[in-house]
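Everything below concerns the one structure shown next.
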Amino acid sequence: MLGVRSCLFIIISLFVLSCNTSSKTNKAQGDNVNFSVEKRDSIVNKVMEKVNKYYLNSQERRLALDSAIKKHPNIAYFYQQRAMPLYKQDKDELGLPYLEKAAALDPKTYVEYMAFIKCIFSKNYKDAILDFNKALKLNGASYVMDHSYYFYLGLCNLQLNEFKKAEDYFQKSIDQSIREESEDWVHYTDLMYLGIAKYELKDYENAIKVFDKALLQQPKFSDVKYYKALSLFNIKKIDEGQVMLIEAKEDFLNNNTMREDNSIYERYPYQVQKHWFGL
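If you read the sequence shown in our numbering, its first letter stands for residue 3, the second for the next number, and so on.
The following block contains the structure:
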């Protein structure tokens, strides 16, 4: 049997070992949790200087980010950067865990981004609505990727055939722009989608009025002209509708269509397609 001194020695040794291990663990966690914004930004800039030398979808870039995540597991930006190229390759299931981790680490910054990705890339509209509502609570009526939260909530509801809700959200987005800036700041894409919501509600006359406002900003916007033509057909203005449809086709052939930054990766809701013109 062990003597009293031997038992005490073992207990003390285990205690010291435990303290050392805990100290190392806490230090490792502290390196990532307790540094200042300036320190974090310095780390990000240094890492991304290396990462950005590689092609967006390259294995080298992925490995560099994986290394950064392993070393700095609490910097949300690295997870966002890991997720983004995967979504642009339609690898949504691979991207989602990184996106969720970024949102968990920095909700105010990345819940809105996750909502945007779910709306435009994954087309997971019900989940996107939940995330945009969280973002509203976190940040108020704010913006992500050039548009208001209300704009994206409008898109989600439009795609769920909740046309009245969509109309209300697009109007909220427009009202927000007017309230915060002026009517001149209302985005033509907001106007297009408000018109489409009215079109789906069979409010053709008012849809045409809204489409005309969008065309004042973008006179050759083929998508707007296409839906204006359909609205004209529905109120029996066949000749005007035919003229508008011909113009829409010509503008489409000249690449005057959706100009959202991410429309090169994803087709936006109701975006016109060439076979709609018999092309």
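Glycine included, every Cβ here is placed at the ideal spot set by N, Cα and C.
Minimum Cβ-Cβ distance from residue i to chain C less than 8 Å
| i | result |
| --- | --- |
| Gln178 | No chain C appears in this structure, which consists of one protein chain only. |
Nearest-angstrom Cα separation, counted from residue j out to residue i
| i | j | result |
| --- | --- | --- |
| Lys239 | Ala66 | 60 Å |
| Asp108 | Phe37 | 15 Å |
| Ala130 | Lys139 | 14 Å |
| Tyr89 | Ile119 | 8 Å |
| Ser8 | Lys72 | Model confidence at Ser8 stands at a pLDDT of 47, short of 50, so the residue's coordinates are unreliable and nothing is read from them. |
| Ala137 | Leu155 | 11 Å |
| Ser265 | Gln91 | 13 Å |
| Pro87 | Met116 | 14 Å |
| Val226 | Ala216 | 7 Å |
| His277 | Asn76 | 47 Å |
| Pro99 | Asn208 | 43 Å |
| Gly243 | Asn236 | 9 Å |
| Cys121 | Lys174 | 18 Å |
Chain-order list of residues whose beta-carbon lies under 6 Å from that of residue i (same chain, five-residue window excluded)
| i | result |
| --- | --- |
| Lys167 | Asn159 |
| Glu62 | Tyr56 |
Spatial neighbours of residue i in its chain, beta-carbon cut-off 7 Å, leaving aside the 5 residues before and after
| i | result |
| --- | --- |
| Ser124 | Asp94 |
Extent of the continuous alpha helix (DSSP H) run through residue i
| i | result |
| --- | --- |
| Thr191 | 190 to 202 |
| Tyr63 | The sequence given here has Arg at residue 63, not Tyr. Element bounds for Arg63: 61 to 73. |
| Pro99 | 94 to 107 |
| Glu169 | 165 to 182 |
| Asn256 | No alpha helix (DSSP H) contains Asn256, which DSSP labels as neither H nor E. |
| Leu218 | 206 to 219 |
| Leu162 | First-last for Leu162: undefined, no H or E at that position. |
| Gln273 | Here Gln273 belongs to no alpha helix (DSSP H), and DSSP marks it neither H nor E. |
| Arg84 | 78 to 90 |
Beta-carbon contacts of residue i that lie in its chain and below 8 Å, excluding the five residues immediately before and after
| i | result |
| --- | --- |
| Val53 | Arg63, Ala66, Leu67, Ala70, Gln83 |
Residue i (DSSP reduced to helix, strand or coil)
| i | result |
| --- | --- |
| Tyr56 | coil |
| Val146 | strand |
| Gly243 | helix |
| Glu262 | coil |
| Asn126 | coil |
Does the stretch 178 to 185 come into contact with the stretch 197 to 208, if we say contact requires no fewer than three beta-carbon pairs (one atom in each stretch) closer than 8 Å?
no
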